[in-house]
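Participant: Residue numbers (mature numbering (1 follows the signal peptide of the UniProt record, and there is no 0)): -36 to -1, 1 to 1066.
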């Protein structure tokens, strides 16, 4: 993941500059509908492409290997993530070809995949990919939930970009520190928190039917994260991703995006209002007032998706026009300008990942084309564009850009784990050992040229966000054009090289000794794994020593060079035939595919007979066979020096009795699919090496020859019968080939099952229950079991009781949900999950209504007056007639009053609105809504007045605001003090207070631009108010040093002040108490206050 910072920093400038150049130099580009590339493009197997694009996410997983994994080259990784902060932050996705977990693009990815399910659930189901994409979403959202341990804390990144990018190796053996980074109220991150809220809210929509309890959990976290992001409105704490995933668009687009998904998930119009409230703060195109349109939906800027959803929800012109402006710019052009197109038809936005932008724009174009919001002509143009761009990615230019799909697809993406280097080097092995199936690479340059080189990260980078838009667009094309996913698709590979082995040579030799140089290697990749318990054995035959009258105890073993092994021996192997071995044990030494110094370790050891016993004969030594025998020569692969991992042989041959060679089989790994349509026998080539096969064992169970397996007439082929294999469970089966001598080879069979799961079904899946006693009725449900067993029925995590809450008919075909149970539920939706012994449980969605006539609750009085004058403040008691209803709470607009703090409820039900709450309200009318569970909510209208006298002393304060814009990053009050009395006043005793709202948590900076007593004699401090009120939570207090002198009778003093936030983010000063929006010269101003020796002399405090 390189270059993102630079490109996103300058993308608006470049976009504007290039657009200007195009307009000034050329006419509008050729209309989209007439492009040659569109006319030439054909159709592809969109089902297969979709299937593989979703599979890509399995290769990006962090954390423990899941049972559903369809490859054999990814293992457990990142298993200590979060340990530095005392949390389990395992899981989630590695971002790209690196191993940092960046939550901004990860959340974006999850939200986009969920949007795909929201738009095209039926197409995903018919393609067989619905369960896979939901698993991909949940892998991310499970992790995001872990990252949110409390409402206002969110861990947004695991891994340090610099440390991570400094190492080139597979995820399974990472050794660098992986710190976790968080945002909280003191160091917020609204962008990343809001994006996570969007992902979780969208996931709640996806899982509402199939897993309502999980959906509820996602929604709860989404609400908290949104509130956190919305209340802080700052990215001050989002720093660790700097240089990788900066938020260049700000956080308002994410707030809208999250609020839209929360509205879709809840139906709560407050979220819709929130989403729309931020539209004015979205980025504008250049210096215009038009919403930015010369880009598309991406991890940094999600207003493109938000405006499309808002257009469809509200039908408002502002959104429809903005969406069409964007899509026109991508297709036929807008206002004389259009995105750049390559000669072969790719809509090429920029050099970093042009295919991800084009395919994401394709998805948005398809969704909008199907919305009914645009003309038929535009809809046709947008859909043709969508197909053209996806077809380009799949191969219309002459090559595919989706790995593992189509013709001439890339094979060497910029991806550490796919290359699986053991030497911390992009040049070793110099190609990818693994096929990263389904990954969309960055794409070609502006002239359709592409270099399939791992080092060419600009073009060969892959990433989770790259595939997100592609998956969405492919689903749309599968919906419209169909396709054929591959039955039982997997990415099980046959290892292409020895993973563990020894190379050896003779270091030196004599008539009574031999010294061996040996290197043990860990080049594992299926999957890459740590070797901290590796050892090897060097076998020798000491028959000549025994013949001379000596024994094994007369052999001495010494080391010359040793990189971490314990060398010991001799140990007997076959004493009867004088076969012994030297044990070289590296246990405790980390040997792993992580760099030149760690993927191999060397040892040099000498075996010596007693002095003058000059009978050494290496010609009969088992391990001597095949090594480099010229002293000082380079070591070579030593097949007869076996390697062990924690005592289990993983490479090489062992001597049998009398030095026999081991039998071997090919292959040693295989896969068997339990799906009856895919079952096949497994043929194994056998090299007996003079030994005899006695049988084959699965554990301690012998397979039956002729039934479970057969042996060819020449004994060279063994066939494991599918009839036997089909009796095994999913997982791994080790079949041991039992020979009469030597080591017994093992065939490891991975048992999978791609058999389509036929879930149980219920009818109906929706029903309505009326709480009105006169209309209550049981709900009968027909059940089609499809071979499954019903274990129970659940409402969330609560099990219904059979016989009490529901009954089952004698034939089992009808389940009746009893009205006695349903009558205990609250109005709303109850998702009753029928729990079968299968992956997918049907859900009965019961809408609970209540047509029981409601008698409204009443309050008295319905009007009241509250005086802010401290001498007149008093609580307001309210008598309540409940009429059988329940008071849920009291609201001021959408803000709930806090029971016990803002109001109390007595034992007889009387509500008292406390003066401590009322004293914080502004002058005007305060409407308090008494929210009952039923009926019309009564309102207490309180007229808030303030009879406090405005203090007018001998010093009066005049003021105006130099900058009257509502939204500004600098507030500029101008003050003039006038002495109307007859006594001079010492300015060092004078203070001025200007009241405002901070609109964030940043510190403030003050400047005195000019003062008639000298700027250096003006002091300032910012004070947070203990009791904030509407329009003021902070005040700027200006004072004077002794050097300011006195203000004489009739004289005046001016102070031109200015203050801003430390990060230069905006204020909204329109609602600030002291703000004067109308005057541009000095006027008497009582909303700023003046004090002498701490006593109020002018104005009225808020």
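By construction, the Cβ of each residue, glycine as well, lies at the ideal position given by its N, Cα and C atoms. Just so it is clear, the structure is predicted and the values come from calculations on it, not from any experiment.
#1: Do you know offhand how far residue 81's Cα is from residue 88's?
#2: Determine the direct distance from the alpha carbon of residue 170 to that of residue 93, and round the result to whole angstroms.
#3: Quick check: what's the CA-CA separation for residue 1047 versus residue 297?
#4: Could you say which of 986, 1012, 17 lies nearest to residue 400 if we only look at CA atoms?
#5: Could you check whether residue 550 and residue 488 sit closer than 8 Å to each other, using their CB atoms as the reference points?
#6: Kindly list the residues whose CB is nearer than 8 Å to the CB of residue 693, restricted to its own chain and excluding five residues on each side of it in sequence; keep chain order.
#7: Would you report the Cα separation of residue 1004 and residue 969, rounded to the nearest angstrom?
#8: Do residue 960 and residue 1043 count as a contact pair if the criterion is CB distance below 8 Å?
#9: Examine the Cβ distances between the stretch 969 to 983 and the stretch 890 to 909 and report whether three or more of them are shorter than 8 Å.
#10: Rounded to the nearest angstrom, how far is the Cβ of residue 187 from that of residue 154, given a contact under 8 Å?
#11: Quick check on this structure: which residue in 97, 71, 406 has the alpha carbon closest to the alpha carbon of residue 111?
#12: So, at 7 Å on beta carbons, what are the nonlocal neighbours of residue 708 in its own chain, with the 5 sequence-adjacent residues on each side left out?
#13: Rounded to a whole number of angstroms, what is the C-alpha to C-alpha distance between residue 105 and residue 874?
#14: With contact counted as at least three CB pairs below 8 Å, one residue from each stretch, are the stretch 321 to 334 and the stretch 370 to 377 in contact?
#15: Answer yes if the stretch 537 to 552 comes into contact with the stretch 446 to 453, meaning at least three C-beta pairs across the two stretches below 8 Å, and no otherwise.
#16: Could you check whether the Cβ of residue 636 sits closer than 8 Å to any Cβ belonging to chain B?
#17: Can you list, in chain order, the residues of its chain whose CB lies under 6 Å from that of residue 11, leaving out five sequence neighbours each side?
#18: Using beta-carbon positions only, say whether residue 194 and residue 219 come within less than 8 Å of one another.
#19: By the 10 Å Cβ neighbour count, where 16 or more other Cβ atoms means buried, how is residue 937 classified, buried or exposed?
#20: Thinking C-alpha only, which one of 1002, 1027, 1034 is nearest residue 1053?
#21: Using a Cβ-Cβ cut-off of 7 Å (strictly less than) and excluding sequence neighbours within five positions of residue 129, which residues of its own chain qualify?
#22: What are the start and end residues of the beta strand (DSSP E) that includes residue 968?
#23: So within the stretch 134 to 188, which uninterrupted beta strand (DSSP E) runs reach at least 3 residues, ignoring any that extend past its ends?
#24: If contacts are defined as beta-carbon pairs under 8 Å, then residue 45 and residue 122 qualify, I think. What distance do you get, rounded to the angstrom?
#25: Is residue 121 helix, strand or coil by DSSP?
#26: With a cut-off of 8 Å on the beta carbons, I'd call residue 956 and residue 939 a contact; round off their distance for me.
#27: Return the CA-CA distance between residue 1040 and residue 1009, expressed in angstroms with no decimal places.
#28: Given this structure, state the Cα-to-Cα distance separating residue 713 from residue 507, to the nearest angstrom.
#29: Taking the alpha carbon of residue 151 as the point to measure from, which residue in 997, 1058, 966 has its own alpha carbon closest?
#30: May I ask you to verify whether the stretch 557 to 564 touches the stretch 469 to 479, counting CB pairs closer than 8 Å and requiring at least 3?
#31: Under the three-state reduction of DSSP, which class applies to residue 561: helix, strand or coil?
#32: Give the single residue among 629, 1013, 99, 256 whose Cα lies nearest to the Cα of residue 174.
#33: Within 10 Å of its beta-carbon, does residue 974 have 16 or more other beta-carbons around it, so buried, or fewer, so exposed?
#34: Can you tell me the Cα-Cα spacing of residue 620 and residue 698, whole angstroms?
#35: Can we say the stretch 310 to 320 touches the stretch 405 to 416, given the rule of at least three CB pairs closer than 8 Å?
#36: Along the beta strand (DSSP E) that carries residue 70, what are the first and last residues, could you check?
Facilitator: Checking against the coordinates, here is how it stands:
#1: Residue 81 sits at position 117 when you count from the first residue of the chain shown. Residue 88 sits at position 124 when you count from the first residue of the chain shown. The alpha-carbon atoms of residue 81 and residue 88 are separated by roughly 7 Å.
#2: Numbered from its first residue, the chain shown carries residue 93 at position 129. Numbered from its first residue, the chain shown carries residue 170 at position 206. Distance between the alpha carbons of residue 93 and residue 170: 14 Å.
#3: Position 1083 of the chain shown holds residue 1047. Position 333 of the chain shown holds residue 297. Looking at the two C-alpha atoms, the distance is approximately 53 Å.
#4: In the chain shown, residue 400 corresponds to position 436, counting from 1. Selected option, being the one with the closest Cα: 17.
#5: Mapped onto the chain shown, residue 488 falls at position 524. Mapped onto the chain shown, residue 550 falls at position 586. Cβ distance not < 8 Å, so residue 488 and residue 550 don't count as in contact.
#6: Counting from one through the chain shown, the residue named residue 693 turns up at place 729. If we look at residue 693 and ignore the five residues flanking it on each side, its Cβ neighbours are 715.
#7: The sequence position of residue 1004 within the chain shown is 1040, counting from 1. The sequence position of residue 969 within the chain shown is 1005, counting from 1. Approximately 17 Å, taken between the alpha carbons.
#8: One-based indexing of the chain shown puts residue 1043 at position 1079. One-based indexing of the chain shown puts residue 960 at position 996. The answer is no: Cβ separation not under 8 Å.
#9: no
#10: Taking the first residue of the chain shown as position 1, residue 187 is located at position 223. Taking the first residue of the chain shown as position 1, residue 154 is located at position 190. Contact between residue 187 and residue 154 does not hold, since the beta-carbon distance rounds to 15 Å and is not under 8 Å.
#11: Position 147 of the chain shown, counted from the first residue, corresponds to residue 111. When each option's Cα is compared against that of residue 111, the closest is 71.
#12: Within the chain shown, the letter at position 744 stands for residue 708. Cβ neighbours of residue 708 beyond the five flanking positions: 700, 701, 702.
#13: Translated into the one-based positions of the chain shown, residue 105 becomes position 141. Translated into the one-based positions of the chain shown, residue 874 becomes position 910. For residue 105 and residue 874, the distance between alpha carbons rounds to 45 Å.
#14: no
#15: No contact exists between the stretch 446 to 453 and the stretch 537 to 552.
#16: Checking the listed chains, one finds no chain B in this structure; it contains a single protein chain.
#17: For the purposes of this step, residue 11 is taken as residue 47 along the chain shown, with counting starting at 1. The residues are 91, 442, 447, 448, 449.
#18: Position 230 of the chain shown, counting from 1, holds the residue named residue 194. Position 255 of the chain shown, counting from 1, holds the residue named residue 219. Contact flag set, yes.
#19: As a position in the chain shown, residue 937 is number 973, starting the count at 1. Under this definition residue 937 is a buried residue.
#20: Position 1089 of the chain shown, counting from 1, holds the residue named residue 1053. Of the candidates 1002, 1027, 1034, the one whose C-alpha sits nearest the C-alpha of residue 1053 is 1002.
#21: Residue mapping note: residue 129 aligns to position 165 of the chain shown, counting from 1. Excluding positions up to five away in sequence, the list reads 62.
#22: Taking the first residue of the chain shown as position 1, residue 968 is located at position 1004. First-last of the beta strand (DSSP E) with residue 968: 968 to 975.
#23: 144 to 147
#24: Taking the first residue of the chain shown as 1, we reach residue 45 at position 81. Taking the first residue of the chain shown as 1, we reach residue 122 at position 158. That pair is a contact at about 5 Å.
#25: For the purposes of this step, residue 121 is taken as residue 157 along the chain shown, with counting starting at 1. Three-state DSSP puts residue 121 in a strand.
#26: For the purposes of this step, residue 956 is taken as residue 992 along the chain shown, with counting starting at 1. For the purposes of this step, residue 939 is taken as residue 975 along the chain shown, with counting starting at 1. Contact annotation, residue 956 with residue 939: C-beta distance approximately 6 Å; criterion of less than 8 Å satisfied.
#27: Indexing the chain shown from 1 puts residue 1040 at position 1076. Indexing the chain shown from 1 puts residue 1009 at position 1045. The alpha-carbon atoms of residue 1040 and residue 1009 are separated by roughly 29 Å.
#28: In the chain shown, the residue the question calls residue 713 occupies position 749. In the chain shown, the residue the question calls residue 507 occupies position 543. Roughly 41 Å separates the two Cα atoms.
#29: Counting from 1 along the chain shown, the entry for residue 151 is found at position 187. With distances taken between Cα atoms, residue 151 lies closest to 966.
#30: no
#31: Against the chain shown, residue 561 aligns to sequence position 597. DSSP places residue 561 in coil when its eight states are reduced to three.
#32: Working through the chain shown from its first residue, we reach residue 174 at position 210. For the options 629, 1013, 99, 256, the alpha carbon positioned closest to that of residue 174 is the one of 99.
#33: Along the chain shown, read from residue 1 onward, the residue named residue 974 stands at position 1010. So residue 974 ends up on the exposed side.
#34: Counting from one through the chain shown, the residue named residue 620 turns up at place 656. Counting from one through the chain shown, the residue named residue 698 turns up at place 734. Cα to Cα, residue 620 sits roughly 22 Å from residue 698.
#35: yes
#36: Position 106 of the chain shown, counted from the first residue, corresponds to residue 70. Per DSSP, residue 70 belongs to no beta strand (DSSP E); it is in the alpha helix (DSSP H), 67 to 90.
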